[in-house]
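Visitor: Heads up: the sequence shown begins at 74 in the working numbering, then just goes up one per residue.
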Amino acid sequence: MSVKTSIEALREELHDHNYRYYILDKPVISDYEFDMKLKELQALEAQYPEYYDPNSPTLRVGGEVTKNFETVVHQFRMFSLDNSYSRQELLDWEKRIQRILGDVDIEFTCELKYDGASISLTYENGELKRAVTRGDGFQGDDVTTNIKTIRSIPLKLKGDYPLQFDIRGEIILPISGFEQMNRERVAAGEDPYMNPRNTASGSLKLQDSAIVAERPLDCLLYGLAGQNLGIYTQFEMLEKSREWGFKVPHTAELCKTTEEVMDFVDRWEQKRHDLPYETDGVVIKVNNLQQQEELGYTSKSPRWALAYKFQAEQAVTVLNKITYQVGRTGAITPVANLEPVLLAGTTVKRASLHNADQIAKLDIREGDTVYVEKGGEIIPKIVGVALDKRKPDSEPTVYITHCPECGTQLVRKPGEAQHFCPNDTGCPTQITGRIQHFISRKAMDIEGLGAETVELLFQAGLIENYADLYILTKEQVLPLERMAEKSADNLIHGIAASVKIPFERVLFALGIRYVGETVAKKLARTYKNITALMEATETELTQVDEIGERIAQSVVSFFENDTNRELVERLRSYGLQMSLTEDQLSNQSDTLKGQRFVVSGVFEKVSRTELKKLIEDNGGKVASSISSKTDYVVAGANMGPSKKTKAEGLGVPIISEDDFLGMVAQMD
Ligand code: AMP
Ligand code: ZN
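#1: Need the endpoints of the beta strand (DSSP E) that Arg744 sits in, please.
#2: Between the beta-carbon of Val285 and the beta-carbon of Asn219, is there less than 8 Å?
#3: Skipping 5 residues on each side, what residues in its chain have a beta carbon closer than 6 Å to that of Gln668?
#4: Using the Cβ count rule (16 or more neighbours within 10 Å means buried), how would you classify Gly354?
#5: How many whole angstroms separate the CB atoms of Tyr444 and Ala459, which I take to be in contact at a CB cut-off of 8 Å?
#6: Taking 7 Å as the cut-off, does the CB of Thr352 come closer than this to any heavy atom belonging to ligand 2?
#7: Where does the unbroken alpha helix (DSSP H) through Gly275 begin, and where does it stop?
#8: Count the other CB atoms, across all protein chains shown, that sit within 10 Å of the CB of Ala720; report buried if there are 16 or more and exposed otherwise.
#9: If you check the beta carbons only, do Gly709 and Gly735 fall under 8 Å apart?
#10: Which whole-angstrom value is the C-beta distance of Val672 and Lys685, which I expect to be below 8 Å?
#11: Is it the case that the region 235-245 contacts the region 134-146, given that we only count it when at least three CB pairs across the two stretches are under 8 Å?
#12: What residues does ligand 2 have around it, judged by CB closer than 6 Å to any heavy atom, in chain order?
#13: Is any non-hydrogen atom of ligand 1 found closer than 7 Å to the C-beta of Lys45, if you look at the structure I gave you?
#14: Ligand 1: which residues have Cβ under 5 Å from any of its heavy atoms, chain order?
#15: With DSSP as the reference, label Leu193 as helix, strand or coil.
#16: Whose C-beta lies closer than 7 Å to the C-beta of Arg224 among residues of the same chain, with five residues either side of it excluded?
#17: Count the other C-beta atoms from every protein chain shown that fall within 10 angstroms of the C-beta of Ile544, then say buried if there are 16 or more, exposed otherwise.
#18: Between Thr474 and the rest of its own chain, which residues show a CB-CB distance below 7 Å, the 5 nearest in sequence each way excluded?
#19: Pick helix, strand or coil for Asn428, following the three-state DSSP scheme.
#20: For Ala582, which residues from the same chain have a beta carbon less than 6 Å from its beta carbon, with the 5 sequence-adjacent residues on both sides left out?
#21: So the alpha helix (DSSP H) Val695 belongs to, where does it begin and stop?
#22: Pull up the distance between the alpha-carbon of Ile432 and that of Thr470, whole angstroms please.
#23: Within this structure, are the beta carbons of Pro407 and Asn428 separated by less than 8 Å?
#24: Thinking C-beta only, is Lys601 closer than 8 Å to Glu619?
#25: Just list the alpha helix (DSSP H) runs in the region 591-623, keeping only unbroken ones of 4 residues or longer that don't cross its boundaries, in chain order.
#26: Alpha carbons only, please: which of Glu622, Thr604, Ile603 is nearest the one belonging to Thr612?
#27: First and last residue of the beta strand (DSSP E) that includes Glu558?
#28: Cα separation between Gly45 and Cys494?
#29: At which residues does the alpha helix (DSSP H) containing Asn255 begin and terminate?
#30: List in chain order: all unbroken beta strand (DSSP E) runs of 3+ residues lying wholly within the region 284-334.
#31: Beta carbon of Ala597, beta carbon of Glu577: below 8 Å?
#32: Leu416 and Ala388 - do their beta-carbons sit closer together than 8 Å?
#33: Taking only the alpha-carbon atoms, compute the straight-line gap between Arg169 and Gly250 and give it to the nearest angstrom.
#34: From this set, Ala378, Thr498, Lys547, which residue's C-alpha is nearest Glu762's C-alpha?
#35: Looking only at C-alpha atoms, which of Val737, Tyr305, Lys702 sits nearest to Pro726?
#36: Specify, as a first and last residue, the run of the alpha helix (DSSP H) that Ser715 falls within.
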């Protein structure tokens, strides 16, 4: 078999496994086997760049960075939907269209209204060509690179598909994935995201597609646009799309009468809380496409469809007490402790009050009767106070001035909404919080040690910081509550084993504010060891992709602190990984050290991402715009004319892909 054939066979096979896993939910190989095959393909593609395929399964991991998303005109306009909020409005709509269409039977396809960001995907000859956001309906942004990382979107179609068409759908973030992301953000000292919808739509416009690839996004499809598709009803459209490999929820139903439509609405008003993703209503569509055409469009929306919006679920209950939580970064979060109340299928006892301003804005007081809502947000929130029920002796809430855990006076930096306890070295919750973060699964993943044991160890005076873990002995921990011979052994072994955890995760474990998993990875790969990172200035740090001022400041101030430096030194002395391993470094050299490159255009032998990686791996720096500091511009086909003029004006040499590859190969 030729190399080309085996690359193609491997791609085919991986597309199929993807389909089985993400669409059918019935994988036939293990995740491990899948990863092995993907690695094999990645290796082959790197070795034989001439067989490049813009829709290879290897693109799912992302890596391409888009600075500006190109505007694209939709071939078929993307309409919005008319909304209705009552059954009566729905009945009126049905009467209206019956009048227009005359004395004919009208059937309806009822679908759920998926709550995310709309997307239009263009397929040509069975391959994904382009993905564009809705924008203003006439034109949107080309977000193809990001969309390709979403595993449930087929890059190649199956079966008997039309040669050219657009398919419309909704990019969503399932609730469980959203909650997981938030847990990780909170663990990294970052603010949680508000709701799945905004997070999904924000993800589409991220510059680094590798970050998009890490988010558990999904895409649910609901409609086709094209010419001569050979399809006659909406319901058939859904079925066909499913056959071609798209994820079309099986919740859609064909309804023959108004009663059936009402029944669908009634059922889902209840059942929607059992779904793994959020819906904000039902979309009712005239099933027959001929009839759809007759009904046509208003200036904004089709006359043949109507969205019925579910009411945001609200409950009324009493706010018993406002308490304050201290995070591991010292951030204070006020929490409303409620009289338990049933809301959207779950009992709610607590709601977040966000910060002092929020409490003041709504004038929320203990003892108040409050409205609690669970709309787009996962964490219930208080949306209002029933003032008529307020007791005459009620007193306005006075926000705490001192830390509830250590009594230190709280501070609030200008421009920040949150109060902080500045006593980071003495506040017990902050101390244990940092150690708990250090040992957590995504950080040092220490087996045999849990959050409660950390509390116990701290209370027993055995640990005061994470470095202390490494000098614990079995004899010290044995007397602790619920500790036995075996669990003590496990604990000590678990701690000892963690010295093998790679540098990037150690960096994450340190608990630097705003340095989450992804940022830690970026920093580890850029600086390669902790000494270099500790010496980095704020300006240098902001040069790194995706690292903004806020993160840069936080990193610098973390390492300026003597206690932190000492902790790092201790961890190093216990054998923790403070640099990338030989393996990770072996692909790297210093040949381009200190040289700054700008990459422009399309390349033949390596992708843009690979090219940038080559620059960085060899010690060079990649910048996005040309300045007098630029040493070389590597130009591919279609280099932007303005870049060219600028480079020539500044006398920066423009080199070709081959020139560049020669530079790195020669000096190897
Ligand atoms: P709106 O944004 O309120 O005008 O609602 C229109 C949007 O609903 C469309 O642009 C779609 O992105 C979205 N939508 C979600 N589910 C569906 C569905 N099943 N059929 C049509 N549109 C849907
Ligand atoms: Zn405190």
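Idealized CB from N, CA, C, for every residue including glycine.
Guide: Reading it off the structure:
#1: Because the chain spans 74 through 741 in this model, residue 744 falls outside it and cannot be assessed.
#2: The count along the sequence shown starts at 1 and reaches residue 285 at position 212. The count along the sequence shown starts at 1 and reaches residue 219 at position 146. Taking 8 Å as the Cβ cut-off, Val285 and Asn219 qualify as a contacting pair.
#3: Against the sequence shown, residue 668 aligns to sequence position 595. So the list reads Gly693, Asp704, once near-sequence residues are dropped.
#4: Locating residue 354 in the sequence shown gives position 281, counting from the first residue. Gly354 is buried by the Cβ-count criterion.
#5: Counting from 1 along the sequence shown, the entry for residue 444 is found at position 371. Counting from 1 along the sequence shown, the entry for residue 459 is found at position 386. With 8 Å as the limit, Tyr444 and Ala459 qualify as a contact, their Cβ atoms being about 7 Å apart.
#6: Stepping through the sequence shown from its first residue, residue 352 is reached at position 279. No, ligand 2 has no heavy atom inside 7 Å of this Cβ.
#7: For the purposes of this step, residue 275 is taken as residue 202 along the sequence shown, with counting starting at 1. Element bounds for Gly275: 269-277.
#8: As a working mapping, residue 720 is identified with position 647 in the sequence shown. So Ala720 counts as buried.
#9: As a first step, residue 709 must be located in the sequence shown, where it is residue number 636. As a first step, residue 735 must be located in the sequence shown, where it is residue number 662. No, these two residues do not count as a Cβ contact at 8 Å.
#10: Indexing the sequence shown from 1 puts residue 672 at position 599. Indexing the sequence shown from 1 puts residue 685 at position 612. About 6 Å separates the beta carbons of Val672 and Lys685, which is inside the 8 Å limit, making them a contact pair.
#11: no
#12: Ordered along the chain, residues surrounding ligand 2 are Val399, Cys476, Glu478, Cys479, Thr481, Cys494, Asn496, Cys500 [Cβ under 6 Å from any heavy atom].
#13: Residue 45 falls outside the range modelled here, since the chain spans only 74 to 741, and no answer is possible.
#14: Ordered along the chain, the selected set is Ser153, Leu154, Glu184, Lys186, Tyr187, Ser191, Glu243, Tyr295, Val356.
#15: The count along the sequence shown starts at 1 and reaches residue 193 at position 120. For the record, residue 193 in the displayed sequence is Ser; it is not Leu. In this structure, Ser193 counts as strand in the three-state DSSP scheme.
#16: As a position in the sequence shown, residue 224 is number 151, starting the count at 1. Once the five neighbours on either side are set aside, the close Cβ partners of Arg224 are Asn91, Tyr95, Arg133.
#17: Residue numbering aside, residue 544 sits at position 471 when the sequence shown is read from its first letter. Per the 10 Å Cβ criterion, exposed.
#18: Taking the first residue of the sequence shown as 1, we reach residue 474 at position 401. If we look at Thr474 and ignore the five residues flanking it on each side, its Cβ neighbours are Gln482, Leu483.
#19: Here residue 428 corresponds to residue number 355 of the sequence shown, with the count starting at 1. Residue state, collapsed to three classes: coil.
#20: Looking up residue 582 in the sequence shown gives position 509. Excluding residues within five positions, the ones whose Cβ falls inside 6 Å are Phe511, Ala516, Met517.
#21: The count along the sequence shown starts at 1 and reaches residue 695 at position 622. Looking at the DSSP string, Val695 is not in any alpha helix (DSSP H); the run it does join, the beta strand (DSSP E), is 694-696.
#22: Position 359 of the sequence shown, counted from the start, is the residue given in the question as residue 432. Position 397 of the sequence shown, counted from the start, is the residue given in the question as residue 470. The straight-line gap from Cα to Cα measures roughly 8 Å.
#23: Translated into the one-based positions of the sequence shown, residue 407 becomes position 334. Translated into the one-based positions of the sequence shown, residue 428 becomes position 355. Result yes, Cβ atoms of Pro407 and Asn428 sit closer than 8 Å.
#24: Within the sequence shown, the letter at position 546 stands for residue 619. Within the sequence shown, the letter at position 528 stands for residue 601. It is not a contact, given that the beta carbons lie outside the stated cut-off.
#25: 603-608, 611-616
#26: Reading the sequence shown from its first residue, position 539 is the one you call residue 612. The candidate whose alpha carbon is nearest that of Thr612 is Glu622.
#27: Position 485 of the sequence shown holds residue 558. Premise fails: Glu558 lies in the alpha helix (DSSP H), 558-570, not in any beta strand (DSSP E).
#28: A question about residue 45 goes unanswered here, because the residues of the chain that appear run from 74 up to 741.
#29: By 1-based counting over the sequence shown, the position of residue 255 is 182. 248-260 is the extent of the alpha helix (DSSP H) around Asn255.
#30: 291-298, 326-328
#31: Taking the first residue of the sequence shown as position 1, residue 597 is located at position 524. Taking the first residue of the sequence shown as position 1, residue 577 is located at position 504. Cβ atoms of Ala597 and Glu577: closer than 8 Å.
#32: Taking the first residue of the sequence shown as position 1, residue 388 is located at position 315. Taking the first residue of the sequence shown as position 1, residue 416 is located at position 343. Contact flag set, yes.
#33: Position 96 of the sequence shown, counted from the start, is the residue given in the question as residue 169. Position 177 of the sequence shown, counted from the start, is the residue given in the question as residue 250. The alpha-carbon atoms of Arg169 and Gly250 are separated by roughly 41 Å.
#34: Residue 762 cannot be examined here, being either before or after the span of the chain that is shown, 74 to 741.
#35: Numbered from 1 along the sequence shown, position 653 holds the residue referred to as residue 726. When only C-alpha atoms are compared, the closest one is Lys702.
#36: Here residue 715 is taken as the residue at index 642 of the sequence shown, counted from 1. That run of the alpha helix (DSSP H) goes 714-723.
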